[in-house]
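Residue numbers (UniProt numbering), protein chains in the order written: chain D, 1 to 469; chain C, 1 to 469; chain W, 1 to 469; chain E, 1 to 469.
To start, the structure itself, in structure tokens.
Number of protein chains: 4
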Amino acid sequence: MQEFTKFPTKTGRRSLSRSISQSSTDSYSSAASYTDSSDDEVSPREKQQTNSKGSSNFCVKNIKQAEFGRREIEIAEQDMSALISLRKRAQGEKPLAGAKIVGCTHITAQTAVLIETLCALGAQCRWSACNIYSTQNEVAAALAEAGVAVFAWKGESEDDFWWCIDRCVNMDGWQANMILDDGGDLTHWVYKKYPNVFKKIRGIVEESVTGVHRLYQLSKAGKLCVPAMNVNDSVTKQKFDNLYCCRESILDGLKRTTDVMFGGKQVVVCGYGEVGKGCCAALKALGAIVYITEIDPICALQACMDGFRVVKLNEVIRQVDVVITCTGNKNVVTREHLDRMKNSCIVCNMGHSNTEIDVTSLRTPELTWERVRSQVDHVIWPDGKRVVLLAEGRLLNLSCSTVPTFVLSITATTQALALIELYNAPEGRYKQDVYLLPKKMGETSPHEPHTLKEIFFKITFIFFLFLSS
Amino acid sequence: MQEFTKFPTKTGRRSLSRSISQSSTDSYSSAASYTDSSDDEVSPREKQQTNSKGSSNFCVKNIKQAEFGRREIEIAEQDMSALISLRKRAQGEKPLAGAKIVGCTHITAQTAVLIETLCALGAQCRWSACNIYSTQNEVAAALAEAGVAVFAWKGESEDDFWWCIDRCVNMDGWQANMILDDGGDLTHWVYKKYPNVFKKIRGIVEESVTGVHRLYQLSKAGKLCVPAMNVNDSVTKQKFDNLYCCRESILDGLKRTTDVMFGGKQVVVCGYGEVGKGCCAALKALGAIVYITEIDPICALQACMDGFRVVKLNEVIRQVDVVITCTGNKNVVTREHLDRMKNSCIVCNMGHSNTEIDVTSLRTPELTWERVRSQVDHVIWPDGKRVVLLAEGRLLNLSCSTVPTFVLSITATTQALALIELYNAPEGRYKQDVYLLPKKMGETSPHEPHTLKEIFFKITFIFFLFLSS
Amino acid sequence: MQEFTKFPTKTGRRSLSRSISQSSTDSYSSAASYTDSSDDEVSPREKQQTNSKGSSNFCVKNIKQAEFGRREIEIAEQDMSALISLRKRAQGEKPLAGAKIVGCTHITAQTAVLIETLCALGAQCRWSACNIYSTQNEVAAALAEAGVAVFAWKGESEDDFWWCIDRCVNMDGWQANMILDDGGDLTHWVYKKYPNVFKKIRGIVEESVTGVHRLYQLSKAGKLCVPAMNVNDSVTKQKFDNLYCCRESILDGLKRTTDVMFGGKQVVVCGYGEVGKGCCAALKALGAIVYITEIDPICALQACMDGFRVVKLNEVIRQVDVVITCTGNKNVVTREHLDRMKNSCIVCNMGHSNTEIDVTSLRTPELTWERVRSQVDHVIWPDGKRVVLLAEGRLLNLSCSTVPTFVLSITATTQALALIELYNAPEGRYKQDVYLLPKKMGETSPHEPHTLKEIFFKITFIFFLFLSS
Amino acid sequence: MQEFTKFPTKTGRRSLSRSISQSSTDSYSSAASYTDSSDDEVSPREKQQTNSKGSSNFCVKNIKQAEFGRREIEIAEQDMSALISLRKRAQGEKPLAGAKIVGCTHITAQTAVLIETLCALGAQCRWSACNIYSTQNEVAAALAEAGVAVFAWKGESEDDFWWCIDRCVNMDGWQANMILDDGGDLTHWVYKKYPNVFKKIRGIVEESVTGVHRLYQLSKAGKLCVPAMNVNDSVTKQKFDNLYCCRESILDGLKRTTDVMFGGKQVVVCGYGEVGKGCCAALKALGAIVYITEIDPICALQACMDGFRVVKLNEVIRQVDVVITCTGNKNVVTREHLDRMKNSCIVCNMGHSNTEIDVTSLRTPELTWERVRSQVDHVIWPDGKRVVLLAEGRLLNLSCSTVPTFVLSITATTQALALIELYNAPEGRYKQDVYLLPKKMGETSPHEPHTLKEIFFKITFIFFLFLSS
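So this is what it looks like as structure tokens:
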């Protein structure tokens, strides 16, 4: 019997969650290259490692990379001032004293800052990775060296993945009372394998769309016996993930892959939602001539009032230098469009999934594919025309750019505050339900406890203080 | 006994309704100066006037101004293509054949285009003014000449106001079956004086916040026996009235009153809601250095991410050249602030009411007021310092700028479509309730009939077609 | 015999000089309406007027308007801080003590601030108007009341014009030693009629292109016995007159005449020089979709890199809502273009003369002209199509907008400093030649005295101090 | 005896020439990593290599890399349409038939496109590298494989450098009649070592400031017997190298090194020349709050009118997140400034040389340097404060970004056209002088032949055609 109707695959889940940095391995700034160079083929599960204090309560690729990882964490701290501030402010009160948190997130320098903040606030933490590829090994090593029970490495097998989660939960003499999850796998594991632990959990904080979806299913089925909080859907996070991030990552992603000059280029952006708005604002500001395709009349009207020509893709496809999709729909760019593009036209996707460009239609014998750089393919037509396809149609911003630490710190601070709130809430304030952070000021529905709004305020005020100081 | 808890005064109502052009008499482009010059002091109620077809079924200032008014209407038609298009499309079907509409709105060239569209679609119309000052007499004359039963002139007394409304409703052998209202006065009058008429009304379309508020009160009290539609709160209208309009009218209003150069000026904008966002975008684009004050953390964060410095008003009050309020709050600019401003600082209000600047505090003996132009006062301190106060703290965009016809045409088209929908809806589709046009796509609540969304789509698609054609 | 090959008519001269406010009478902010209402038809030359101190050493329309004129001057002072600062700084030294200046400029509130500054610095001034229409009568009255010998009124005849100039120069016991001219008429008069005075002049400061042209002709002919300084061509003045001013006046001019909404409008701007750059930047920022026509390849390239589509006028003429010319060429917009425009298209000129739009071609029997407002004509085609022609093709920025006081203060300050420099320069520093203020930093040619650069620096530093304070 | 007063070192020369891509080895997109990985330590001079046609008339690192180099050239061709177009148009006429060109430039994919275009137009070419580090070995291999006599590799010794140049010039039965130089070393060599060749040269085209300087010295000394053309100083090239390039590379350079989010960041830009204008426009557009320091009053005024606050560095140094220098001066950022910066402040240089930031002052014992990434150092104060120094104060745009191919194609096209012009000019059109391409339209001085202007026009028209197509 299955509680969750759709058990998402690793891949499926990743494409839904906009703020993950899964693809940071592809990008210049990632430290991943260091960890790649490891020629050590022994599985971490078979290694005997101890940190400098003699503890072996962890499982990472190579504890010796701890120093390098520490430096990465320190760099990340530079741009996570909201979290550091929270750490300093709440350190005296230890609001998480007694909290036993099991976590399952990407293991990166930024999440390390979160984990160490939770520890500084009094929590005990055990941690695994929510993605088999995204772990920065040296950061995991640094966490292990600092005494965090971390079980994660880059390139886990599926079996490794569940083994790591289990090691976090299943420990003699230690029983988790809080869950911090990204994707719902940890929650699922505890719910299924350790129902007695699950019942005593004081709160779940969930980051991803998929995870929240699964919680709602549990709740509908009457089987969610724990209050849970969705930290994904606050207006702040949405604005940052889409408008503000994409405004920067479209430039960054195009530049790193193609070195294209933006000035004077003709660009068509498909979709004028938040992502599209961000892309268009940036490209326009740098001197590109931008066209929009849009089927939603309100978004189209906004595009008009913002000074963009709204067109049908067919009208401009022959003349544009760059095509960018951000609609959330399938096959927005078809083989027919691709056939009509001019030589050296760049095609990429900033939208919700990897289906916006019909890449499959390009896998035909008459077309030649040439990988000219990492993430950059030339697809060559029989007459010599080349189309420059980026990231094989996957998300450009995740594949060829990085998510700024500042943005990640927004999520991380929200998660920390949500954990504090749930852990300290008086009995009965939160029911066995899924709570959404209010999407807009003043939208809290009557049944939501007032403190949700207060959390929200706290978070944004902290950001605000640091931004304007 | 009183159904409406708060019966708003004329003045009070005006300040709530953002899209009225009540103050257009102050503005350059208004035709009002023509009507002012009339030295005819006889009340229109005492005059005997007939139009060229021999009808005297109207009451206006001077039927002889009809030709001039016709020209004003024709000019307005140039920028109301959505409405003209609706007129052409629906003219064959006559979707309002049989409709008997009583209306109470501002009587301007733009509303004349609406009224004549309703007639072209088959309706019979009787009309009065919702504001005692805002009627363009020559437009009223043109409507009367064209056969519309219009009862309105600039400078009505309160008694005139109700007399005109009554003349619209109370006519032998003619009984209204639709109401188009702006402010709720007409609705109130029919409800109170002609309950039998009220019961047979097929629908009310209401434009203003106040009017909608009164309808809700009726509905709560179980006394609303008619479906009503609020056309004020659609996302399109809100965006236009605030963001897009204010982006233009802040420049226009400042220029017409002070001829100030924007480039290089330091400006503080109090409030970064939609109005503030519009003002800031325009001023930044023209080379002003813009500071923001904001207490809402999300808006403050948006200001930061849009590249504005968020400050406390006291930090910058000594150095700025222009102070603009758009918070919706009271006494945002106090006497203390005004005391500290530098010589020739300009102060104006774009916000929700006339209370944002504490103008009362300037009515003290030590300060000299000098009216230097229409809508421009110099307030002079004992040491000779002058502060330039615009529109005595009332709304700059209404007092010293004009609302573009294009924007008014959005409201007008929405009103026309709402009337068509209510008039043609099958029995039972609409209950005795107040319907709000959906604020956002996909926000229609379950009990709302699907056609509301369809109306919305129709409207925006028409705009879109004309914008992008 | 004629020294000046081309003696420009009043009209001709006006169209050359970009910074005059000749057309300010059309604009809202002008005080001209007050002076128009005068029903006094007696020529000022025939009136006996004395100011409050008993002097009648002036000739103005009506000395009783002095108080109103004084207020206009005070308003102007608010935005001329550079000049006021100069007044304060140099007041102690009286650097113009002994200077006897004859001046011939527009008589407006702004030039009044200049004249009174010269007086405060020690000069004696006698002044006439350089344009028969542009005098603000009340300002002339205020100057006369303050003791300045001013001879000017709105609506002079050609005979009056020269009579006024002569009254400035020809006075017993007073001989001018400096000339401040705008157009060269005063200089010409002194040169021809009072050669003995001319020889003893210590310096001429000339504002206009035409005047400078005439000085060069004199110089070539070996007849210029006085150093002259062209204050027209500094880079600062050029930038302000073109880029910065037009960036604001295109919006102002369109709004005051048509109340058009900019957002979403399609606009074609002919010419991407400084004027075009200013227009395009402003319109783009307010949400218009802007196309450029340009024949100079460098300007076209700049347009491309700034994100504008460069097109041929024919490509877009059917779809645009607004056509703006700023090329400096003739017949850029032809009858053929006008025939193809869509209904209610707005056509206006921001360029160098009134010849860019072929207005003459519209004076044909099949087209109906309808004056709908001041400066706004509807030209109506047989099929009912209307084209909205602004200012009959003359300069929109001069006809339908105002030049900000701040910009005028730049010229005025430059003129004051040039007078101080020429008056105080040691014998021999300046030859009998025309000196141009350097167009760019470091461009001073070897034979130019170093102090020109210093003047320039002084001016700009003063502005800078006030802008950034 | 020495003709050239200052013989620049390799390093010195590099810092003067803005458009070189010397530092592209540091950047992600460079192919340099491939060539680095070579563990082949044998000097190319000692190797025996032949291309597939059996020729060994070249000297490169490894002829086997030709295929990879060919692909890089093909990628470059995608964005050099102006040059490709020239190739196609002039291929029939072979305007360089008979030309024997020796060249000395950076050897990159982009210059390869130029060289192959010259060959396609009929020229015979022999080529060496103008910089010992900048050669892309695989591109040199591809050129050699295609039959070009190229003598260049990455990491030449100084001796190698001159040996390569000599191999180009000194070949039995082949005598150069044209020179294309970048830096003047080749010209110097021919002038000194092969005076008889030098005398018969028909023209020199020189790219760099240094090279032009040396040509002027020769000319002054009466020893330049050849017409030379400076292709560096055209307005087009200057605009691209500074304004348009830096507008993009400031974002690119900061992102690739630090992943910083621009939105909401406070940035001070020192200097508001063309480079500063580009940086500020880009940062402002992406939501940064930008301050300017500027000592030139005209530039300061422009900054004001563009909406930036002009400040003294000391006023803002404690609060800013990023400091960018682009003044061209020395020690603009001093140790004192660095001491006062806040934690994690980023400091970088976009200006003319590596002296704007006083990096030397940071080499003191109390400060710890930590290299956190390539081109990124953390300088750590005793209290733990970190300043993030990029590229050790060298040019960020060259060290941490790439020059877009499009920009390089402008220079390359200009060089090609200049060669065509000089080679085909009738006897006597060009004297033994250095010709500068006109900086602005209409600025050609009387002694310059008209065709210079024509060249200029041709170039820009070609660009224009491709940009707007």
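C-beta: ideal position from N, C-alpha, C; glycine also.
Quick caveat: nothing in here was measured; it's all calculated off a predicted structure.
Between the alpha carbons of Asp-339 (chain D) and Thr-108 (chain D) lies a distance of about 41 Å. For Cys-326 (chain C), the three-state secondary structure derived from DSSP is coil. One finds Asp-259, Val-260, Met-261 in chain W with Cβ atoms closer than 7 Å to the Cβ of Pro-404 (chain C), taken in chain order.
Neighbourhood of Met-80 (chain D) in chain C, by CB distance below 8 Å: empty, with the nearest CB roughly 16 Å away. Inter-segment contact for the region 267–276 of chain E and the region 345–359 of chain E is present: three or more beta-carbon pairs are separated by less than 8 Å. Of E:Ile-132, E:Cys-168, E:Ser-85, the smallest CA-CA separation from Cys-125 (chain E) is found for E:Cys-168.
Annotated as distal: Phe-58 (chain D) and Val-190 (chain D), with beta-carbon spacing of 9 Å or more. At a cut-off of 9 Å between C-beta atoms, Tyr-244 (chain E) counts as an interface residue with respect to chain W. Boundaries of the alpha helix (DSSP H) harbouring Met-305 (chain E): 297–305, taken from the DSSP string. At a cut-off of 9 Å between C-beta atoms, Arg-318 (chain E) does not count as an interface residue with respect to chain C. Not a single CB atom of chain D sits nearer than 9 Å to the CB of Lys-237 (chain C).
Residues of chain W whose Cβ lies closer than 8 Å to the Cβ of Ala-282 (chain C) are, in chain order, Ala-285, Leu-286. Taking all protein chains in view, the Cβ of Pro-365 (chain E) is surrounded by fewer than 16 other Cβ atoms within 10 Å, so the residue is classified as exposed. Contact check for Tyr-435 (chain D) and Pro-227 (chain D): beta-carbon distance about 7 Å, within the 8 Å limit, so the pair qualifies. Burial is judged here by how many other beta carbons sit within 10 angstroms of a residue's own beta carbon; Thr-360 (chain C) has fewer than 16 and is exposed.
For Ala-416 (chain E), the CB contacts under 8 Å within the same chain, skipping 5 residues up- and downstream, are Leu-83, Leu-86, Leu-114, Thr-117, Leu-118, Leu-121 in chain order. Where Gly-103 (chain E) is concerned, the enclosing beta strand (DSSP E) starts and stops at 100–105. Trp-163 (chain C) carries a helical assignment under DSSP once its states are collapsed to helix, strand and coil.
The continuous beta strand (DSSP E) containing Val-372 (chain E) extends over residues 368–373. Those residues of the region 331–347 of chain W placed with their C-beta closer than 8 Å to a C-beta in chain C are Asn-343, Ser-344, ordered along the chain. Here Ile-201 (chain C) carries a coil assignment [DSSP, helix/strand/coil]. Cβ contact annotation for Ser-249 (chain W) (same chain, cutoff 6 Å, sequence separation greater than five): Asn-397, Ser-401, in chain order.
A distance below 9 Å separates the beta carbons of Ala-140 (chain E) and Gly-69 (chain E). Beta-bridge partners of Ser-249 (chain C) (DSSP): none assigned. In this model, Leu-251 (chain C) and Pro-404 (chain D) are separated by some 36 Å (Cα to Cα). Boundaries of the alpha helix (DSSP H) harbouring Asp-185 (chain D): 185–193, taken from the DSSP string. DSSP places His-213 (chain D) in the helix class (H, G or I) of the three-state scheme. If the five residues before and after Lys-330 (chain D) are omitted, its C-beta is found closer than 6 Å to the C-beta atoms of Thr-355, all from its own chain and listed in chain order.
Contact check for Val-209 (chain E) and Asn-232 (chain E): beta-carbon distance about 6 Å, within the 8 Å limit, so the pair qualifies. Between the beta-carbon of Ser-409 (chain E) and that of Asp-79 (chain E) there is about 7 Å, and that keeps the pair under the 8 Å contact cut. A Cβ of chain W is located within less than 9 Å of the beta carbon of Gln-302 (chain E). Residues of the same chain with a CB within less than 8 Å of the CB of Phe-198 (chain W), apart from the 5 flanking positions on each side, are Val-190, Tyr-191, Cys-225, Val-226 in chain order. Listed along chain E are Asp-252, each with a C-beta nearer than 7 Å to that of Lys-255 (chain D).
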